[in-house]
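In what follows, a single structure is set out as structure tokens and then discussed.
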Amino acid sequence: DAKTTQPPSMDCAEGRAANLPCNHSTISGNEYVYWYRQIHSQGPQYIIHGLKNNETNEMASLIITEDRKSSTLILPHATLRDTAVYYCIVSLPESDKIIFGKGTRLHILP
Amino acid sequence: GAVVSQHPSRVICKSGTSVKIECRSLDFQATTMFWYRQFPKQSLMLMATSNEGSKATYEQGVEKDKFLINHASLTLSTLTVTSAHPEDSSFYICSAPERGYGEQFFGPGTRLTVL
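Protein chains in written order, with my numbering: chain A, -16 to 93; chain B, 741 to 855.
Here it is in structure tokens:
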């Protein structure tokens, strides 16, 4: 079973920040938090990952709580192309298999 | 980032035939690749782990004799759906981790339709 809990769907207005929450209360000390997204009929796309510290790249920011039991993915300026299913995954790095949960279906509204 | 390709992108076959799907890491070597299946409006389900030079590891409930996996080289894994039936119609996706980058790279997927 997936180790994460996410809301099934969310709406966000175009141009606004999209904040996607994820609970992972059973995360172990050496597991990372990964975020992937899947646009309709495509393979998943890596977004960002982190262990303890907050992370930022050109796509998004990842905020991890101090106790590491939850995190938030932030898309700073959502566009229509960000409409996708977003998956929060807890995993060991690199070679470990990924078990997908149900994810959050994000709708960006014009 | 690294690129993973799949071929074909779409295939339609008759019931009872076998279909081979290829997954290639184009610019990196992958000793391990993963195969997923996704039904409409559902999440990805891990089917098996493909290991270069050794047998694949199948997830519980996945028939290894029906879904044959061969990891012939460090850049190629193949999934063969044998004696396909309409219930095997699905979106098949492969992935591969590139060491040192911390994430996995996914192929674009293969949509299989069995008539």
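Beta carbons are placed, not taken as given, at the ideal position from N, Cα and C, and that holds for glycine.
Asked	Found
Give the residues from the region 797 to 817 of chain B that approach chain A closer than 7 Å (Cβ to any Cβ), ordered along the chain.	none
Looking at the secondary structure, which residues open and close the beta strand (DSSP E) in which residue 836 (chain B) lies?	830 to 837
Pick helix, strand or coil for residue 63 (chain A), following the three-state DSSP scheme.	helix
Please report the distance separating the alpha-carbon of residue 797 (chain B) from that of residue 811 (chain B).	12 Å
For residue -4 (chain A) versus residue 65 (chain A), is the C-beta distance shorter than 8 Å?	no
Let's see if you can read the secondary structure: which residues bound the beta strand (DSSP E) around residue 751 (chain B)?	750 to 753
What are the boundary residues of the beta strand (DSSP E) that includes residue 812 (chain B)?	807 to 813
Give the residues of chain B in contact with residue 25 (chain A), contact being defined as C-beta atoms less than 7 Å apart.	848, 849
With distances taken from CA atoms, which of A:79, A:10, A:92 is nearest residue -13 (chain A)?	A:10
Determine the contact status of residue 45 (chain A) and residue 54 (chain A), defining contact as a CB-CB distance below 8 Å.	yes
Considering residue 32 (chain A), what are the terminal residues of the beta strand (DSSP E) in which it resides?	28 to 33
When the Cα atoms are used, what is the spatial distance from residue 799 (chain B) to residue 80 (chain A)?	11 Å
For residue 4 (chain A), which residues of its own chain have a beta-carbon under 6 Å away from its beta-carbon, when the five flanking residues on both sides are left out?	55
Run through chain A and tell me which residues come within less than 8 Å of residue 842 (chain B), C-beta to C-beta.	15, 32, 76, 77
What residue range does the beta strand (DSSP E) around residue 54 (chain A) cover?	53 to 58
To which residues of the same chain is residue 778 (chain B) closer than 6 Å at the C-beta, ignoring the five residues directly before and after it?	784, 831
Quick one: is residue 12 (chain A) buried, meaning 16 or more other Cβ sit within 10 Å of its Cβ, or exposed?	exposed
So residue 850 (chain B) and residue 751 (chain B) are supposed to be a Cβ contact under 8 Å. How far apart are they, rounded?	7 Å
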